[in-house]
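With our numbering applied, the sequence shown corresponds to residues 48 to 297, in that order.
We put the CB at the ideal spot given by N, CA and C, even for glycine.
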Amino acid sequence: MKRRRKEKKKVGLLTPQPKPKVPLCAMSQFVKFNNQTAGRDKLARLLQYASRVTWYYMLKCNATHKSVDTVKSLEFTLSTFRKLLRMGRFLDTLYGALTSMNYTEAMVRYTSTFSKIAHAVYLFCDNLLWMARAGFANINTDKWSVRANKCWLYSVTMSLVRDIYEINRLLEANRAKTNQRKSSVSLLKLAHQNKDVFVDTLKNSCDILIPLTALGYVRLSPGMVGILGVVSSVAGIAALINPTYKLCPP
Numbered sequence: 048m049k050r051r052r053k054e055k056k057k058v059g060l061l062t063p064q065p066k067p068k069v070p071l072c073a074m075s076q077f078v079k080f081n082n083q084t085a086g087r088d089k090l091a092r093l094l095q096y097a098s099r100v101t102w103y104y105m106l107k108c109n110a111t112h113k114s115v116d117t118v119k120s121l122e123f124t125l126s127t128f129r130k131l132l133r134m135g136r137f138l139d140t141l142y143g144a145l146t147s148m149n150y151t152e153a154m155v156r157y158t159s160t161f162s163k164i165a166h167a168v169y170l171f172c173d174n175l176l177w178m179a180r181a182g183f184a185n186i187n188t189d190k191w192s193v194r195a196n197k198c199w200l201y202s203v204t205m206s207l208v209r210d211i212y213e214i215n216r217l218l219e220a221n222r223a224k225t226n227q228r229k230s231s232v233s234l235l236k237l238a239h240q241n242k243d244v245f246v247d248t249l250k251n252s253c254d255i256l257i258p259l260t261a262l263g264y265v266r267l268s269p270g271m272v273g274i275l276g277v278v279s280s281v282a283g284i285a286a287l288i289n290p291t292y293k294l295c296p297p
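The following block contains the structure:
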């Protein structure tokens, strides 16, 4: 009888126990996203522009200068952290421009290549600005900030031209299928069916206003710039998490 009881105990120890059901899908996606350097940059960008919105509306609500300065300091820290994350990334972007030069469609080839080259120069300027903040380089930060914003503006402009081309091509294909004028419902359905074009257009439409404001071509409040940055950051994060939201070829 004792042997049988011992055998039953051993069998009970060896039998696999049911694993607790934990919703790990969202968490695993977040961990995978956070492990990417681009993912960390996008997340830090979201927090950076959210901080700008926060301190701007704190000023509107007559918050104390100490609390406003704390949030401003957080925004500056996140900006510096992002510059560090992008150190040397201009080489990757230049290499990507070599790939885009082989695209078959002329419009996609030119806009994508010029956008990447301008973005690479922007990242190079950004690297120099980080070195100046860290005390490794003695440069005129105001001039290099203007150069960086000009390159960023040119890069986003080329991306928007690509988006307009993609939208026009989709509309022409839609006209050929329906042989009638578009309605608002058909446009919404078209946007739903082509989420990559919609998300990329939304992101670039928000992004282009940020360097335009920094260069003085457009006058927007820091709060509005922060909201635009938050929206474009969310769109960029969505494209990283879900590949169907990413415009291809990039």
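Can you list, in chain order, the residues of its chain whose CB lies under 7 Å from that of residue i, leaving out five sequence neighbours each side?
| i | result |
| --- | --- |
| residue 148 | 156, 160 |
| residue 298 | Any property of residue 298 remains undetermined from this structure, which presents the chain solely from 48 to 297. |
| residue 115 | 102, 105, 106 |
| residue 70 | Confidence is the limiting factor: at residue 70 the pLDDT is only 49, short of 50, which leaves the residue's position unreliable, though a coordinate-based value still follows. Cβ within range, chain order: n/a, list empty. |
| residue 88 | 129, 132, 133 |
| residue 210 | 244, 247, 248, 251 |
| residue 194 | 172 |
| residue 274 | 100 |
| residue 84 | 132 |
| residue 270 | 100, 103, 104 |
| residue 280 | 89, 92, 93, 96 |
| residue 253 | 275, 278, 279 |
Using the Cβ count rule (16 or more neighbours within 10 Å means buried), how would you classify residue i?
| i | result |
| --- | --- |
| residue 133 | buried |
| residue 286 | buried |
| residue 108 | exposed |
| residue 290 | exposed |
| residue 171 | buried |
| residue 146 | exposed |
| residue 276 | buried |
| residue 142 | exposed |
| residue 68 | With a pLDDT of only 47 at residue 68, under the threshold of 50, the placement of this residue in the model should not be trusted, and no figure is reported. |
| residue 264 | exposed |
| residue 220 | exposed |
| residue 295 | exposed |
| residue 234 | exposed |
| residue 93 | buried |
| residue 135 | exposed |
| residue 223 | exposed |
Quick one: what's got a C-beta closer than 8 Å to residue i's C-beta in the same chain, skipping five residues either side?
| i | result |
| --- | --- |
| residue 119 | 98, 102 |
| residue 217 | 237, 241, 244 |
| residue 91 | 125, 128, 129, 132 |
| residue 272 | 96, 99, 256, 257, 260 |
| residue 214 | 244, 248 |
Assuming residue i and residue j are in contact, meaning their beta carbons sit under 8 Å apart, how far apart are those beta carbons, in whole angstroms?
| i | j | result |
| --- | --- | --- |
| residue 158 | residue 208 | 5 Å |
| residue 162 | residue 176 | Going by Cβ atoms, the distance from residue 162 to residue 176 rounds to 21 Å, so no, they are not a contact pair. |
| residue 261 | residue 174 | Contact doesn't hold; Cβ gap of about 18 Å is too wide. |
| residue 167 | residue 140 | 4 Å |
| residue 179 | residue 188 | 5 Å |
| residue 154 | residue 212 | 5 Å |
Can you name, in chain order, every residue of its own chain whose Cβ lies under 6 Å from the Cβ of residue i, other than the five neighbours on each side?
| i | result |
| --- | --- |
| residue 126 | 95 |
| residue 164 | 144 |
| residue 122 | 95, 98, 99 |
| residue 199 | 169, 258 |
Practice task
Could I get the ranges of all uninterrupted beta strand (DSSP E) runs contained in the region 177–213, with 3 residues as the minimum, in chain order?
Solution key: none
Exercise for the section: Any chance you could list the alpha helix (DSSP H) runs of at least 4 consecutive residues sitting entirely within the region 220–278, in chain order? Expected result: 231–240, 242–254, 256–261
Exercise for the section: Please specify which runs of the beta strand (DSSP E), each continuous and at least 3 residues long, are wholly inside the region 119–166, giving them in chain order. Expected result: none
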